[in-house]
Structure formats: structure tokens, C-alpha cells
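What the sequence shown shows, in mature numbering (1 follows the signal peptide of the UniProt record, and there is no 0), is residues -24 to -1, 1 to 120, in sequence order. Here a beta-carbon is modelled for each residue, glycine too, at the ideal position from N, C-alpha and C. Computed from a prediction, not measured in an experiment: that's the story for all the values here.
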Amino acid sequence: MRTWKALITLGALALVLAGCSNEAGPTPKGGAGQAETPYALSVKLNALTADTCFRDPAGQTPRGCGKYVTELGSTPGLVREQAGPKHPDLVAAANGLEKAIGDYRGGHCDAVADPGGACTTALTAIADNLRSVKQLVDTQLVTG
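Here's what the structure looks like:
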């Protein structure tokens, strides 16, 4: 008799848990952290320019900046989207940033342990282009 109760209880528990397995919670709304306004883009750029890989690219090990470069990955597209046809210089700066990110990735810099060479050049180019993008976003998009 106890065996049947245990089996029925386990079966009921399995059904309850199976019914809950399709529920993943509420669907996120919005861009999931994407900068959808000029102000939000400016905030994102402020955070990215606080990183040591931005502030001192020549002093960093290239592989130590892999996460930073990954976080930057969507930035050129967001900047171009926000800039539109009204700000061609901002689009050009975003293209420069995208090229520098591509140079870092193309050089497999996320696996390079020592500073110097092409990977440090790529990190420096990323920092220079990000600085230009941030300045243009702050002066052209945020302040109007």
C-alpha cells in the first residue's frame, strides 16, 4: 500500500514539474541592454571608456581585453543606427571602430599574452576610435 502511495506521489510530482517546464518567466521587453536612445548610448560609451583597456591599451595584455572587445562588438552598429544619414562623420568613426575591432579579432589577440605588436596596435586603434565616437555622440546626438 505504501509503495502505491509513493508511486502516486512521485507521479503527481512529475506531472507538476513537467507542467512548469514550459514556463520560463516573462519575456524581456526592449533591446536587452542595447542603447536605444542617444542618452543610453552615451551612458554605454561612458562605461566602456572607464575600462583599463581603453585608458591604457599599450599597457594591457591583449588577451586580457577580450571581454572588453566583445562588449564593444555591437557598438559600431548601434552608433550607425543612431547617427543615420544626418551624421556622416559619426558613421565614419563607427566604421573605424568596427575595423579596429576586426583587426583585434582577426589577429586572434584574445590568445596573445604579451603586450606589443599588432594586437597592441589594434587595442590602441580601438581606444582612439572609441574616443572619437564618444566625443561625436556626446556633441552631436546627446546635445543635439
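DSSP places V45 inside the alpha helix (DSSP H), whose first and last residues are G42 to L48. The segment 49 to 112 is shown to contain whole alpha helix (DSSP H) runs of 4 or more residues at 51 to 59, 64 to 82 and 93 to 112, in chain order. The Cβ atoms of D114 and S18 lie closer than 8 Å to each other. Pairing A98 with D79 gives a Cβ-Cβ distance under 8 Å. One thing to note: E47 has its Cβ within 8 Å of the Cβ of L24. K20 is classed as buried because its beta carbon has at least 16 other beta carbons within 10 Å across all chains shown. Across the set G53, G92 and R107, the C-alpha of G53 shows the shortest separation from the C-alpha of E12. In the displayed model, D32 falls within coil according to three-state DSSP, outside both helix and strand.
In the structure shown, D114 falls within a helical segment according to DSSP collapsed to helix, strand and coil. Scanning its chain for C-beta atoms nearer than 7 Å, with the 5 sequence neighbours on each side dropped, one finds around A101 the residues A76 and D79, in chain order. Just so you know, the alpha carbons of N71 and G93 end up roughly 23 Å apart.
Here T(-22) carries a helix assignment [DSSP, helix/strand/coil].
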